[in-house]
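Notes follow the structure.
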DNA sequence: ACAAGAAATTAGGTGGCCCTAAATATGAAG
DNA sequence: CTTCATATTTAGGGCCACCTAATTTCTTGT
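Chains as they are written, first to last, in the numbering used here: chain U, 1 to 232; chain L, 1 to 232.
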């Protein structure tokens, strides 16, 4: 199953490959050293060294001074970690009472320790979910991920209806804020107002006061545009 | 909560302290380097070095060439790991369909990765169990463990009744064998025959053929002596 | 076309934990 | 009391993954 010769599947390897994947490696784009360093909270030279080792092990192609691209092998490892992470988040939320703003860290540590067997048992208990609690699609065990066609909330026009579909799990504070203003995955809202030049976007959720959202936040929310107030 | 100064709470530290604890450190006995090396599958000099670091960190007292003894701090860490391990085994068995011969390894890896919070949530979902699936007592979050007064099966007399109470979780093959001959925690049996000088002990479980058990195995099974065939 | 700034890599070093080989301490038997 | 086997420690290395400082390469504006 795990192809290539000498393996080196350590925790660090898994973290690097997952970070590279989520930094654009999913679209096969080259990813820069600095972006990886930033995502993992390590210094750039540490990344340089690690990329060399990962390239030697066959997980990625490295064009010096340009960036890296995952090989099929590297992508396989990354997707396995993404599946693990999302199944764990789903399980912890649904079976152990975790809230969507607190599952991320727990899943992040567990994803390196548990067996494939445990992940599949969890998936089974949950009825093989397709999305995690933040609306992110869960890759299949074979490594297939659904392509999402969400639009950032920031790109909806004034007066338009939308439904929140996906939110990053990485920032607990942001998640708590969203919940406090009534925004969860599946929440419908209407865009009420937009300040020019990247100012806040104001939306209204049924039964709530109009709520301004900073533009950066609005860019981070994956939505589906809706014709009317009702219906999917 | 975690007392003492410079911490160094790595996976290896946790493994060493847990091993020392279960090697007799629970009774405050000095534990030898070679025993630790054997339990952890590392070379003796590696243990020597690690013991020095652990002693410096305040987890144990080291009398050179004599052995080590856990400090209160060391015992606290060890008991925390034991609680984690046993809660995890209980949870995996009861909620995710694991069998008693396969939970050990999974729990062994997870116990280093999960948070105290997760462990307590699992304990709560299970109703705060006192024993794990192998009959071992689960320490409280405060680090108290029940003293067990089991007798090894090997010490029961011919004709005497007993009830299996505890079995080591470390050897899957042994566990599968026990299950195959109808022995689980709680199973009652009668000692039918005993060969002299550490030979096999033959027991009978209700509705089964008499079953010989090697003496080493019989020594490893914790039992309660029973007056008759019935009753607790 | 080139100089400046940004990004990446190399150089050199650290700590944790492992190893083998060699030296040394302990303790049991003669 | 000495000797010898066994247990332990020291000596000397290696690997992984991190760090800072210095250097090299790329890119972009003039």
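Glycine is no exception: its CB is placed at the ideal position from the N, C-alpha and C atoms.
So is residue i buried or exposed if we call it buried at 16+ other beta carbons inside 10 Å?
{"i": "residue 232 of chain U", "result": "Here residue 232 of chain U scores only 47 on pLDDT, less than 50, and its place in the model is too uncertain to base an answer on."}
{"i": "residue 63 of chain L", "result": "exposed"}
{"i": "residue 189 of chain L", "result": "buried"}
{"i": "residue 210 of chain U", "result": "exposed"}
{"i": "residue 67 of chain L", "result": "buried"}
{"i": "residue 93 of chain L", "result": "buried"}
{"i": "residue 34 of chain U", "result": "exposed"}
{"i": "residue 41 of chain L", "result": "exposed"}
{"i": "residue 107 of chain U", "result": "buried"}
{"i": "residue 80 of chain U", "result": "buried"}
{"i": "residue 89 of chain U", "result": "buried"}
{"i": "residue 8 of chain L", "result": "exposed"}
{"i": "residue 121 of chain L", "result": "buried"}
Please determine, among the options, the residue with the shortest C-alpha to C-alpha distance to residue i.
{"i": "residue 161 of chain U", "options": "U/174, U/175, U/169 and U/187", "result": "U/187"}
{"i": "residue 74 of chain U", "options": "U/39, U/119, U/28 and U/97", "result": "U/28"}
{"i": "residue 125 of chain U", "options": "L/203, L/83, L/24 and L/97", "result": "L/97"}
{"i": "residue 148 of chain U", "options": "U/206, U/10 and U/165", "result": "U/165"}
{"i": "residue 69 of chain U", "options": "U/192, U/168 and U/20", "result": "U/20"}
{"i": "residue 224 of chain U", "options": "U/142, U/153 and U/8", "result": "U/153"}
{"i": "residue 101 of chain U", "options": "U/132, U/198 and U/214", "result": "U/132"}
{"i": "residue 139 of chain U", "options": "U/167, U/155, U/119 and U/151", "result": "U/119"}
{"i": "residue 85 of chain U", "options": "U/30, U/14 and U/146", "result": "U/14"}
{"i": "residue 202 of chain U", "options": "U/157, U/174, U/38 and U/227", "result": "U/157"}
{"i": "residue 30 of chain L", "options": "L/192, L/111 and L/71", "result": "L/71"}
{"i": "residue 184 of chain L", "options": "L/8, L/10 and L/99", "result": "L/99"}
{"i": "residue 83 of chain L", "options": "L/123, L/61 and L/49", "result": "L/123"}
{"i": "residue 222 of chain U", "options": "U/191, U/194, U/39 and U/134", "result": "U/134"}
{"i": "residue 141 of chain L", "options": "L/168, L/176, L/113 and L/87", "result": "L/87"}
{"i": "residue 207 of chain U", "options": "U/229, U/130, U/78 and U/168", "result": "U/229"}
{"i": "residue 174 of chain U", "options": "U/155, U/163, U/214 and U/194", "result": "U/214"}
{"i": "residue 176 of chain U", "options": "U/226, U/103, U/198 and U/91", "result": "U/103"}
{"i": "residue 159 of chain U", "options": "U/91, U/146, U/194 and U/36", "result": "U/194"}
Which chain U residues are close to residue i, counting only those with a beta carbon under 8 Å from its beta carbon?
{"i": "residue 112 of chain L", "result": "113"}
{"i": "residue 239 of chain L", "result": "Coverage of chain L is limited to positions 1 through 232, which leaves residue 239 of chain L absent and any answer about it impossible."}
Which value, in whole angstroms, describes the spacing of the CA atoms of residue i and residue j?
{"i": "residue 5 of chain L", "j": "residue 59 of chain L", "result": "Any reading at residue 5 of chain L must be qualified, since the residue scores a pLDDT of 45, below 50, and its modelled position is unreliable; the value itself is stated next. The straight-line gap from Cα to Cα measures roughly 11 Å."}
{"i": "residue 43 of chain L", "j": "residue 115 of chain L", "result": "30 Å"}
{"i": "residue 51 of chain U", "j": "residue 17 of chain L", "result": "35 Å"}
{"i": "residue 109 of chain L", "j": "residue 212 of chain U", "result": "45 Å"}
{"i": "residue 55 of chain U", "j": "residue 170 of chain U", "result": "27 Å"}
{"i": "residue 105 of chain U", "j": "residue 117 of chain L", "result": "12 Å"}
{"i": "residue 136 of chain L", "j": "residue 200 of chain U", "result": "58 Å"}
{"i": "residue 182 of chain U", "j": "residue 205 of chain U", "result": "7 Å"}
{"i": "residue 23 of chain U", "j": "residue 144 of chain L", "result": "47 Å"}
{"i": "residue 65 of chain U", "j": "residue 57 of chain U", "result": "19 Å"}
{"i": "residue 196 of chain U", "j": "residue 95 of chain L", "result": "53 Å"}
{"i": "residue 218 of chain U", "j": "residue 45 of chain L", "result": "58 Å"}
{"i": "residue 47 of chain U", "j": "residue 32 of chain U", "result": "10 Å"}
{"i": "residue 127 of chain U", "j": "residue 10 of chain U", "result": "30 Å"}
{"i": "residue 172 of chain L", "j": "residue 220 of chain L", "result": "14 Å"}
{"i": "residue 151 of chain L", "j": "residue 178 of chain L", "result": "18 Å"}
{"i": "residue 111 of chain U", "j": "residue 192 of chain U", "result": "41 Å"}
{"i": "residue 49 of chain U", "j": "residue 113 of chain L", "result": "26 Å"}
{"i": "residue 39 of chain L", "j": "residue 12 of chain L", "result": "13 Å"}
{"i": "residue 216 of chain U", "j": "residue 77 of chain U", "result": "31 Å"}
{"i": "residue 180 of chain U", "j": "residue 168 of chain U", "result": "16 Å"}
{"i": "residue 226 of chain L", "j": "residue 155 of chain L", "result": "13 Å"}
{"i": "residue 146 of chain U", "j": "residue 163 of chain U", "result": "18 Å"}
How far does the beta strand (DSSP E) with residue i in it reach, from first residue to last?
{"i": "residue 150 of chain L", "result": "Element bounds for residue 150 of chain L: n/a, residue is neither H nor E."}
{"i": "residue 192 of chain L", "result": "188–194"}
{"i": "residue 205 of chain L", "result": "201–205"}
{"i": "residue 163 of chain L", "result": "161–166"}
Along chain U, which residues have their Cβ under 9 Å away from the Cβ of residue i?
{"i": "residue 97 of chain L", "result": "121, 124 and 125"}
Give the range of the alpha helix (DSSP H) segment to which residue i is assigned.
{"i": "residue 20 of chain L", "result": "11–22"}
{"i": "residue 218 of chain L", "result": "215–220"}
{"i": "residue 87 of chain L", "result": "72–95"}
{"i": "residue 63 of chain U", "result": "Where residue 63 of chain U is concerned, there is no enclosing alpha helix (DSSP H), although the beta strand (DSSP E) it sits in stretches over 60–63."}
{"i": "residue 49 of chain L", "result": "44–56"}
{"i": "residue 125 of chain L", "result": "116–126"}
{"i": "residue 177 of chain U", "result": "172–180"}
{"i": "residue 108 of chain U", "result": "103–110"}
{"i": "residue 33 of chain U", "result": "33–40"}
Listing by chain order, which chain L residues have their CB less than 8 Å from the CB of residue i?
{"i": "residue 106 of chain U", "result": "114, 115, 117 and 118"}
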